[in-house]
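Protein chains: 2
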Amino acid sequence: MAAEPAGCCAPLRAATLSDDQSAATAALFKALADPHRVRIVNLLATSDEPVCVCDLTEPLGIAQPTVSHHLKKLVAAGLLRREQRGVWAYYSLDTDAMRRLADVVNLQGALT
Amino acid sequence: MAAEPAGCCAPLRAATLSDDQSAATAALFKALADPHRVRIVNLLATSDEPVCVCDLTEPLGIAQPTVSHHLKKLVAAGLLRREQRGVWAYYSLDTDAMRRLADVVNLQGALT
DNA sequence: GCGGGACATCGATAGACGTCGATAGATGAG
DNA sequence: CTCATCTATCGACGTCTATCGATGTCCCGC
Chain A
1112 MAAEPAGCCA PLRAATLSDD QSAATAALFK ALADPHRVRI VNLLATSDEP
1162 VCVCDLTEPL GIAQPTVSHH LKKLVAAGLL RREQRGVWAY YSLDTDAMRR
1212 LADVVNLQGA LT
Chain B
1112 MAAEPAGCCA PLRAATLSDD QSAATAALFK ALADPHRVRI VNLLATSDEP
1162 VCVCDLTEPL GIAQPTVSHH LKKLVAAGLL RREQRGVWAY YSLDTDAMRR
1212 LADVVNLQGA LT
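If you're matching them up, the sequences are chains A and B in order.
Last residue of the first sequence: 1223 (my numbering), numbering continuous.
Last residue of the second sequence: 1223 (my numbering), numbering continuous.
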């Protein structure tokens, strides 16, 4: 165990957030606290299929190393999944993570 | 600072996010990209009534100026509302903003 | 095996951020 | 008016972050 960080991330309306849970939840938001990363998620959310890095560089308007940097952060946060296809790296949204995120900010629904 | 740019904040699954919309959405997440601010929102979300600053300092475990700093950021992001009662300042969640936030991260629901 | 293309990592730099102590402004009690 | 209390602002410090150019690594076609 402990494979999963003790406090993964808890809904904001949970009874009481521990320090670990607060930190984990903040880390999730921090991954999205950048315009370019928001745009990346938006691009992946509106695509039916995984997207190649080479197709991200242009719409984002930033250098390739910077794109890799952002992608790495999003993967580390668990929001994106990486898939290698030959020379290319394809990224896609982790729908489970997005569902969890939706649950975190939901103040009315039932606690899961 | 920077009240609300033209594009307030758009759902992540919107067709295409403009630079302004991406920045606005990222700013929303940035407001929550700190463990102490997450905890503040959690404390306010679990309270029926507005909470006094003096009641936040202790559970957060940080100095009072730092608490004010975080509260200011959350108010600037539109997530909190401030109410002055005599010498005390009471803060509460802006439920509309939280609903908008829930809409931003929702990838399945209808676009509003 | 060799060369070329795609992506990640490294090193450096400029800017942003969290934190605190000291201080200022505001409010109510005496 | 004067004082005590609560909150916000200011100034400073250390740390983190985004960004890019240069370089390394992996994979494929020839």
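Note that beta-carbon positions come from the ideal geometry of N, C-alpha and C, so glycine has one too.
Check	Outcome
For ALA1221 of chain A, collect the residues of the same chain with a Cβ closer than 6 angstroms to its Cβ; drop the 5 residues on either side in sequence, then sort them by chain order.	none
Given that SER1133 of chain B touches chain A, what residues does it touch there, using C-beta distances under 8 angstroms?	PRO1146, HIS1147, VAL1149, ARG1150, ASN1153
Would DSSP call VAL1178 of chain B helix, strand or coil?	helix
Indicate the three-state DSSP secondary structure (helix, strand or coil) for GLU1169 of chain A in the structure shown.	helix
Can you say whether HIS1181 of chain B is buried or exposed, counting buried as having 16 or more other CB atoms within 10 angstroms of its CB?	buried
Put ARG1124 of chain A into one of helix, strand or coil per three-state DSSP.	coil
What residues from chain A crowd round THR1157 of chain B, counting only those whose CB sits closer than 7 angstroms?	ARG1124, ALA1126
Check the DSSP bridge columns for ALA1200 of chain B and list the partner residues they point to.	B:GLN1195
Using a beta-carbon distance below 8 angstroms, is ASP1130 of chain A in contact with chain B?	yes
Looking at C-alpha atoms only, which residue of B:GLN1175, B:VAL1164, B:VAL1178 is the closest neighbour of VAL1198 of chain B?	B:VAL1164
Tell me the rounded alpha-carbon separation between LEU1191 of chain A and GLN1219 of chain A.	27 angstroms
Using a Cβ cut-off of 7 angstroms, pull out every chain B residue sitting near THR1136 of chain A, in sequence order please.	VAL1149
Within the continuous alpha helix (DSSP H) that includes ASP1131 of chain A, where are the two ends?	1130 to 1142
By the three-class DSSP mapping on this structure, what secondary structure does VAL1152 of chain A have?	helix
Along the region 1179 to 1190 of chain A, where does the CB come closer than 7 angstroms to a CB of chain B? Name the residues.	none
For a test of the three-state rule: what should DSSP assign to VAL1164 of chain B, helix, strand or coil?	coil
If we define contact as Cβ-Cβ less than 8 angstroms, is LEU1167 of chain A a contact residue for chain B?	no
Can you grab the Cα-Cα spacing for the pair ILE1173 of chain B / ASP1205 of chain A, in whole Å?	35 angstroms
Would you verify that the beta carbon of VAL1162 of chain B is, or is not, closer than 8 angstroms to some beta carbon of chain A?	no
Determine the chain B residues that contact LEU1222 of chain A at a beta-carbon separation under 9 angstroms, and present them in chain order.	The premise fails here: LEU1222 of chain A is roughly 11 angstroms from chain B at the closest Cβ pair, so nothing lies under 9 angstroms.
Check whether chain A comes within 8 angstroms of ARG1213 of chain B, counting only Cβ atoms and requiring the distance to be less than that.	According to the sequence displayed, residue 1213 of chain B carries Ala and not Arg. Answer yes: the Cβ-Cβ gap between ALA1213 of chain B and chain A drops below 8 angstroms somewhere.
Going by beta carbon distance, what residues of the same chain come within less than 8 angstroms of VAL1162 of chain B, once the five residues before and after it are set aside?	LEU1154, LEU1155, TYR1201, TYR1202, SER1203
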